[in-house]
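Take a look at the structure below.
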Amino acid sequence: MCEANAYLRQDGKEEVIMEMVDKVIPEADGLVLEDIFGRRKQIKARIAELALVDHRIILEKHDQ
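Our numbering puts the sequence shown at residues 41 to 104.
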């Protein structure tokens with residue numbers, strides 16, 4: 041499968057915030073994550089790192 045898990049990095053730790061992410065959609069105030077079932081989650085964050093071979097999307101919160 042090609043989907044990835046999304047992690048939120050805070051204080052040097054990473055927490056899974058969504059599994060089986062299929063789409064990352066940029067918006068003016070953050071990102072929308074969509075999984076393979078069409079469920080969506082909006083988060084005020086930026087992409088810090090994409091580790092595609094490891095199927096990992098690392099996000100960091102931003103304040104805007």
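Positions of the beta carbon are idealized from the N, C-alpha and C atoms, including for glycine.
Run of the beta strand (DSSP E) containing residue i, from where it starts to where it stops
{"i": "glutamate 100", "result": "96-101"}
{"i": "leucine 71", "result": "70-75"}
Residue i, buried or exposed, once every other Cβ within 10 Å from all chains shown has been counted against 16
{"i": "leucine 92", "result": "exposed"}
{"i": "leucine 99", "result": "buried"}
{"i": "isoleucine 97", "result": "buried"}
{"i": "alanine 68", "result": "exposed"}
{"i": "valine 6", "result": "Residue 6 cannot be examined here, being either before or after the span of the chain that is shown, 41 to 104."}
Residues bridged to residue i [DSSP beta-bridge criterion]
{"i": "arginine 86", "result": "Glu100"}
{"i": "glutamate 54", "result": "Arg49"}
{"i": "glutamine 64", "result": "Reading off the sequence shown, one finds valine at residue 64, where the question assumed glutamine. Paired residues: Leu73."}
{"i": "arginine 80", "result": "Glu74"}
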